[in-house]
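Heads up: the sequence lines are chains A and B, in that order. Just add 571 to wherever you are in the first sequence, counting from 1, and you've got my numbering. Just add 571 to wherever you are in the second sequence, counting from 1, and you've got my numbering. Shown next, in structure tokens, is the structure this report addresses.
Protein chains: 2
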Amino acid sequence: MHSVTQDNDNLQMLMVKIGRRARAAARVLGNASTEQKNQALLAAADVLRQRASDILAANALDRADAEIKGVKGSFLDRLKLDAARLDAIAKAVADIAALNDPVGRVLAEWTQPNGLRFERVATPLGVIGVIFESRPNVTADAAALCLKSGNAALLRSGSESFRTSSLIADAMRAGLRAAGLPEDAIQLVPTRERDAVGLMLSGLEGAIDVIVPRGGKSLVARVQNEARVPVFAHLEGICHVYIHAKADLAMAVSIVLNAKLRRTGVCGSAETLLIDKAVAKTHLQPLLDALIDKGCAIRGDATVQAADPRVTLATEEDWRTEYLDAILAVKIVDGLDAAIDHIETYGSHHTEAIITEDNGAAEAFLTRVDSAIVLHNASTQFADGGEFGFGAEIGIATGRMHARGPVGVDQLTSFKYRVHGSGQTRP
Amino acid sequence: MHSVTQDNDNLQMLMVKIGRRARAAARVLGNASTEQKNQALLAAADVLRQRASDILAANALDRADAEIKGVKGSFLDRLKLDAARLDAIAKAVADIAALNDPVGRVLAEWTQPNGLRFERVATPLGVIGVIFESRPNVTADAAALCLKSGNAALLRSGSESFRTSSLIADAMRAGLRAAGLPEDAIQLVPTRERDAVGLMLSGLEGAIDVIVPRGGKSLVARVQNEARVPVFAHLEGICHVYIHAKADLAMAVSIVLNAKLRRTGVCGSAETLLIDKAVAKTHLQPLLDALIDKGCAIRGDATVQAADPRVTLATEEDWRTEYLDAILAVKIVDGLDAAIDHIETYGSHHTEAIITEDNGAAEAFLTRVDSAIVLHNASTQFADGGEFGFGAEIGIATGRMHARGPVGVDQLTSFKYRVHGSGQTRP
């Protein structure tokens, strides 16, 4: 019988071994041709379709276990695969083959007076650790994005989707094999052991270059607090829409309804509406009516509450809350500066929009608001790699280092300088 | 009398306060115009010249103290300012005003089918912590580069140069004031207390975005191990020159002499010479003769030692050593793959060069060697922001995240997405 210490030692040895295999595979994958990588992605998509019945059977077992454990409705729905969802996963993998290869892009090129020609060329980041919860599609999405960008993927599935994720990861590895690429470029951590997450956050002795958490706020918070390697993530999306003094009312109503209610559970959904004092008289009531008609609850400041008895008085906490639900905090602000101050005080640097016909005010807002995404006359729900034209995203980052906003294949790369000479020495 | 705990609490309070002031100043500086920032730099250069006698007097005191403490020759020389050196410092600050403003650059721009226009625009990183040792010029250089790139600088001087650095920092702050910018955008940590470094490495409660260490290997190692925020640095530069089978001998000799001996103490100096077996007979002896003639000691593998009695036999440790001196490790390798394997095994991912007339071999080397800078037919001593045309650098990074190679003003920026709409909502 093993002691707890022995088990921990074994887990650590296992994880370090996995990390080393990932690093070795990354070196090969980093130099693979575009054709080879695309061949692997298309083969993986085929294998996902061919093994559909096995994957769906595994998913049924995962869900049965989860139900026994008393897992709730929305979590169960995220866990669930059916034929249509699995086909969409396979299609998404094949679609990533159609993206431009981000590796080898010449990002800049110039020649110095001494004749040295410099190129700044995109290279893979190395090994990307992805830690996710119940959604089994992340196994395929994240692995495919890493593969396309020449990075090895170390995937840690939530324990509830372990069987499903294992079969999906196997299919992705079969794709790598079919293209003559090292299958260790995609590895699913082969244990439900919770300590494996902590080991990944330590970086596995330098084997992991960056961690991407995909899941709820508590997972992201843990990863951001404990990781000893860089993290691409956003903790929350407390997104604002600011109705400026020169906002068109019809546009304001249309954008606010979309920003709040199109989908309330996504990170780009608006959580706070700021209405300029100058247009409170004309714009506030129509906005409240439209929102409340659609079933949105309103938490307003004193002025907003006084205007409409259906409004609950907002507390200080409301300005800091990501509801992810049909609830909106509404505040009257005195001008552009006050709006920006509110956003900088309470926001999460994710996505903010200004609605105005005044281009000067829009310019000031876009320049001065320190968020990853700032929009003029458009819905905050455009905060999405697909909507940006990136094809697919591994997540959205609010940090300022390396990646910011939707993280597509281009942002999963680093770069190096290639210098072409003809015998130059330095004086 | 204060207890040790009280003193630590006081230091922490002081540092957190400094961090908050830096963050507030960064918000203002981040939106300052190019003209204002340049005005501040030119004014600072003027003040540095006007206060030359005070600064040189402070420097004399610093040096006298250091000599009493028994500080050594090269350290004392780095600490030393004279009229010419101080003038060069002032000129370097003024030169940074002449660089293009990296903030606000449109890095990419595109329009989606729905009419949304996207811009990816460079923004400052925020607050940059610079930890340095004896060289007082870093106070001005680093502060000026941060100012130009819209970042607040938190500078931690080595205790030996504290008086000099304080007066230089004062001059830089006077420049900010003259331009109507917040002087807290440049702050020198006002204490020699060693624990201040550890507090900076903790990030000062989120006030520091990135740390740049400027100093010897032990400082960099400490910063890399302890920092809870990203670090731009290289631990060492174990740079290789590989003489390929198709290398021109005269070019090989000229580049190797320059790469090793132009200056032996810089991070881009070559530490290991790899000679292809195919040209060992013709190229080895002329290379050894040229190097030894110039006073370079050689540590060679068995073949190299057998070729010349002046060669010492290299140990395993030699391949991992950054000599920073007139010593070169020399090894015979069997082809391009063996050269790349050696570099990947023993190198530090800093700078490597291949000498060859075979463009296919050069291309393979530049693609496959995973270093920040890879050169074909040029000296490794070109590893320098000035030589790259960056104007000035805050350091050279070997990490893969965000910054890599020489870190100039462009790489002291992050970015955000500005999205221009006309009422778009997401379907």
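Idealized CB from N, CA, C, for every residue including glycine. These figures come from a predicted structure and were not determined experimentally.
Query                                                                                                                          : Result
Closer than 8 Å to chain B by CB, residue 986 of chain A                                                                       : yes
Beta-carbon proximity list for residue 757 of chain B, same chain, < 8 Å, skipping 5 on both sides                             : 714, 717, 718, 723, 724, 726, 740, 743, 744 and 747
Own chain, CB closer than 8 Å to residue 788 of chain B, minus 5 neighbours either side, in chain order                        : 806, 807 and 893
Reference residue 999 of chain B; option with closest CA among B/879, B/958 and B/733                                          : Within the shown structure, residues of chain B are numbered from 572 to 998, placing residue 999 of chain B beyond reach of any answer.
C-alpha gap between residue 809 of chain A and residue 869 of chain A, whole angstroms                                         : 16 Å
8 Å Cβ cutoff, residue 815 of chain B in contact with chain A                                                                  : no
Cα-Cα separation between residue 606 of chain A and residue 933 of chain B, rounded to whole angstroms                         : 23 Å
Uninterrupted beta strand (DSSP E) stretches inside the stretch 906-946 of chain B (no shorter than 3 residues)                : 922-926
Contact set between residue 942 of chain B and chain A, taken where Cβ atoms lie within less than 8 Å                          : 987
contact_flag[the stretch 638-655 of chain A, the stretch 690-703 of chain A] where n(CB pairs < 8 Å) is 3 or more              : no
Complete runs of the alpha helix (DSSP H) confined to the stretch 711-768 of chain B [at least 4 residues]                     : 733-749
Beta-carbon spacing of residue 582 of chain B, residue 766 of chain B below 8 Å                                                : yes
Nearest to residue 972 of chain A (by Cα), restricted to the options A/857, A/801 and A/682                                    : A/801
Residues that residue 854 of chain B contacts on chain A, provided the C-beta gap is smaller than 7 Å                          : Correct list: empty, because the minimum Cβ distance to chain A is about 15 Å.
Simplified DSSP state of residue 609 of chain A, which is helix, strand or coil                                                : helix
Any chain A beta carbon closer than 8 Å to residue 953 of chain B                                                              : yes
Opposing strand residues paired with residue 640 of chain B [DSSP bridges]                                                     : None, per the DSSP bridge assignment.
Neighbourhood of residue 823 of chain B by C-beta, 7 Å cutoff - its chain only, sequence neighbours within 5 removed           : 814, 854, 858 and 926
Limits of the unbroken alpha helix (DSSP H) element including residue 887 of chain A                                           : Premise fails: residue 887 of chain A is in no alpha helix (DSSP H) and is neither H nor E.
Residue 584 of chain B classed as buried or exposed, judged by whether at least 16 other C-beta atoms fall within 10 angstroms : exposed
Length of the line joining the Cα atoms of residue 676 of chain B and residue 845 of chain A                                   : 29 Å
Minimum C-alpha distance to residue 982 of chain A - residue among A/695, A/603 and A/600                                      : A/695
Member of B/920, B/947, B/603 and B/943 whose CA lies at the smallest distance from the CA of residue 931 of chain B           : B/947
Residue span of the alpha helix (DSSP H) that contains residue 956 of chain A, given as start and end                          : 956-959
Straight-line gap, residue 707 of chain B to residue 733 of chain B (C-alpha atoms, nearest Å)                                 : 8 Å
CA-to-CA distance, residue 602 of chain A to residue 874 of chain B, given in whole angstroms                                  : 32 Å
Burial state of residue 644 of chain B (16 or more Cβ within 10 Å)                                                             : exposed
Under 9 Å from the C-beta of residue 826 of chain A: neighbouring residues of chain B                                          : 992, 994, 995 and 996
Where residue 848 of chain B falls: helix, strand or coil (DSSP)                                                               : helix
Between the CA atoms of residue 683 of chain A and residue 531 of chain B - distance to the nearest angstrom                   : Past the edges of chain B, shown from 572 to 998, lies residue 531 of chain B, and the structure says nothing about it.
Cβ-Cβ distance between residue 613 of chain B and residue 665 of chain B below 8 Å                                             : yes
Inter-residue spacing [alpha-carbon to alpha-carbon] between residue 674 of chain A and residue 598 of chain A                 : 13 Å
Assigned secondary structure, residue 871 of chain B (DSSP; H/G/I helix, E/B strand, else coil)                                : strand
Terminal residues of the alpha helix (DSSP H) in which residue 792 of chain B lies                                             : 788-797
Sequence-distant residues of its chain with Cβ nearer than 7 Å to residue 554 of chain B (five each side left out)             : Given a span of 572 to 998 for chain B in the structure shown, any question on residue 554 of chain B remains unanswerable.
Closest by C-alpha distance to residue 897 of chain B, when choosing among B/872, B/634, B/921 and B/864                       : B/864
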